[in-house]
């Protein structure tokens, strides 16, 4: 059966939108819309950018583009066909912009989630470092896309042929994906020490590790996308298909922590004593060897110091009695 790019684009987009709707519903049921946070804002941005990216990928595939041209074939293009190819190339250029915005918006969802979870913990400093790195890679990706072929109109120029760097954008597939992968790898390092140090049963640690390390699947998709896109650089449908798959997997991975409360009222980051609390709206962490317990209830971040051991208090009372 012949491969249908449009069917894949819209099928993955439709399923992804359902996943986002379920995530927003879970958040609304858990904490209420008034307590939505920055990760919810970036999730909404992701929906907007994904809609734009899918629309532009679909339309640029319909119009054609300059990616298959070279110096000889560009001159053979009839003048009447040039405007259509230019428009398709402009759409492809814009699709790259929305791809970058979308991928880094999805990262923002995870980073702000981790920022809230790690409030009061030493891992919160790690979140800040990763956030700075994420912003840096985002800006670097944007600069690469806009600056590797100047003036900018050469990116959709047909005649005379502007060169492979302007039409095929091989550097985008390599450099931007490397930055994308490095950023995802840095994000994965945030929850691991948190999970390992939490007072949780082993099986819950394993499930949490899988849930919050799902970025590994995103990294695998990004690697495959870069490989097959460069290998088939003249076939735009290959690159478009892998871009859609990468975003689809990313959306599933990013939304899964927010959807989890719908299937289990027990909170994943809670001890047994606080298992009735909700995961996403109220998070309670107790690290091994720590003298503090941290909780966040309905968006209010508080640090609560534990009570001293009662046996220690009793011993001090006994000492006072002896001295009287």
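Numbering (my numbering), first residue to last: 1030 to 1353.
Using N, Cα and C, we set each Cβ at its ideal position, and we do this for glycine too.
**OP:** May I ask which residues mark the beginning and end of the alpha helix (DSSP H) holding residue 1057?
**Re:** According to the DSSP assignment, residue 1057 belongs to the alpha helix (DSSP H) that extends over 1034-1060.
Subject >> Cβ neighbour criterion (16 or more within 10 Å) applied to residue 1168 >> reply: Residue environment for residue 1168: exposed (fewer than 16 other C-beta atoms within 10 angstroms of its C-beta).
Original post:
Within the chosen definition, does the region 1169-1184 reach the region 1236-1249 through at least 3 CB pairs nearer than 8 Å?
Top reply: Segments in contact, no.
**OP:** Report yes if the C-beta distance between residue 1271 and residue 1258 is below 8 Å; otherwise report no.
**Re:** Residue 1271 is a Cβ neighbour of residue 1258, given a cutoff of 8 Å.
Subject >> Segments of 4+ residues assigned as alpha helix (DSSP H) that fall wholly inside the region 1260-1288 >> reply: Qualifying alpha helix (DSSP H) stretches, in chain order: 1265-1288.
Subject >> Residues near residue 1041 by beta carbon distance below 6 Å, same chain, minus five either side >> reply: Here the set comprises 1273 and 1277.
Subject >> N-terminal and C-terminal residue of the alpha helix (DSSP H) that residue 1116 is part of >> reply: Counting along the chain, the alpha helix (DSSP H) containing residue 1116 begins and ends at 1111-1146.
**OP:** Report back the beta-carbon spacing between residue 1159 and residue 1140 to the nearest angstrom; my notes put them in contact at under 8 Å.
**Re:** Between residue 1159 and residue 1140 the beta-carbon gap is near 6 Å, inside 8 Å, which marks them as a contact.
**OP:** Would you kindly report the start and end of the unbroken alpha helix (DSSP H) that includes residue 1368?
**Re:** For the chain, the structure presents residues 1030 to 1353; residue 1368 sits outside this window and is missing.
**OP:** Would you mind giving the Cβ-Cβ distance between residue 1071 and residue 1134, rounded to the nearest angstrom? I have them listed as a contact below 8 Å.
**Re:** Confirmed, Cβ separation roughly 5 Å.
**OP:** Alpha carbon to alpha carbon, how far is residue 1148 from residue 1229? Give it in angstroms, no decimals.
**Re:** Rounded to whole angstroms, residue 1229 and residue 1148 show a C-alpha spacing of 19 Å.
Subject >> Cut-off 7 Å between Cβ atoms - residues of its own chain near residue 1131, not counting five sequence neighbours on either side >> reply: Around residue 1131: 1075, 1078, 1079, 1082 and 1276.
**OP:** Use the C-beta contact count for residue 1028: other C-beta atoms within 10 angstroms, 16 or more gives buried, fewer gives exposed.
**Re:** Given that the chain is displayed from residue 1030 to residue 1353, the structure contains no residue 1028 and the question cannot be resolved.
Subject >> When 1092, 1205, 1187 and 1232 are compared against residue 1102, the one with the closest alpha-carbon >> reply: For residue 1102, the nearest C-alpha among the options comes from 1187.
Original post:
What span of residues does the alpha helix (DSSP H) with residue 978 cover, start to end?
Top reply: The structure shown has nothing for residue 978, since the chain only spans 1030 to 1353.
Original post:
Is it right to say residue 1239 is buried, meaning 16 or more other beta carbons lie within 10 angstroms of its own, or is it exposed?
Top reply: Looking at its Cβ environment, which holds fewer than 16 other Cβ atoms inside 10 Å, residue 1239 is exposed.
**OP:** Within the same chain, show all residues whose beta-carbon is closer than 7 Å to that of residue 1190, passing over the 5 residues directly before and after it, in chain order.
**Re:** When the five nearest sequence neighbours on each side are left out, the beta carbons in the same chain lying within less than 7 Å of the beta carbon of residue 1190 are those of 1098, 1099, 1100 and 1103, in order along the chain.
**OP:** Report the residue ranges of all alpha helix (DSSP H) runs contained in full by the region 1192-1243; include only those spanning at least 4 residues, in chain order.
**Re:** Those alpha helix (DSSP H) runs which fall completely within the region 1192-1243 and span 4+ residues are 1193-1196, 1206-1217, 1220-1226 and 1231-1241.
Original post:
What three-state label does DSSP hand residue 1064 in the structure shown?
Top reply: Looking at residue 1064 - three-state DSSP - the assignment turns out to be helix.
**OP:** Can you tell me which of the three DSSP states residue 1096 falls into?
**Re:** In this structure, residue 1096 counts as coil in the three-state DSSP scheme.
Original post:
Are the region 1219-1229 and the region 1189-1203 in contact at 8 Å, needing three or more beta carbon pairs?
Top reply: Taking a contact to require three or more Cβ pairs closer than 8 Å, the region 1219-1229 and the region 1189-1203 do not qualify as touching.
Subject >> Closest Cα partner of residue 1289 within the set 1056, 1046 and 1044 >> reply: Looking only at 1056, 1046 and 1044, the smallest Cα-Cα distance to residue 1289 is reached by 1056.
Original post:
Excluding sequence positions up to five away, which residues of its chain have a Cβ less than 7 Å from the Cβ of residue 1118?
Top reply: 1094, 1095, 1184 and 1185.
**OP:** Please classify residue 1069: does DSSP put it in a helix, a strand, or coil?
**Re:** Correct three-state label for residue 1069: helix.
**OP:** Assign residue 1286 to buried or exposed, taking buried as 16 or more other Cβ atoms, counted over all protein chains shown, within 10 Å of its Cβ.
**Re:** Buried is the call here.
Original post:
Roughly how many angstroms lie between the CA atoms of residue 1282 and residue 1180, to the nearest whole one?
Top reply: Going from the Cα of residue 1282 to the Cα of residue 1180 covers about 38 Å.
**OP:** Within 10 angstroms of the Cβ of residue 1152, are there 16 or more other Cβ atoms? Answer buried if so, exposed if not.
**Re:** When all chains shown are included, residue 1152 counts as buried.
Original post:
From residue 1038 to residue 1089, what distance separates their C-alpha atoms?
Top reply: C-alpha separation (whole angstroms): 13 Å.
Original post:
Around the Cβ of residue 1137, are there at least 16 other Cβ atoms within 10 angstroms (buried) or fewer (exposed)?
Top reply: That one is buried.
Original post:
With distances taken between CB atoms, is the gap from residue 1120 to residue 1085 smaller than 8 Å?
Top reply: Yes, these two residues count as a Cβ contact at 8 Å.
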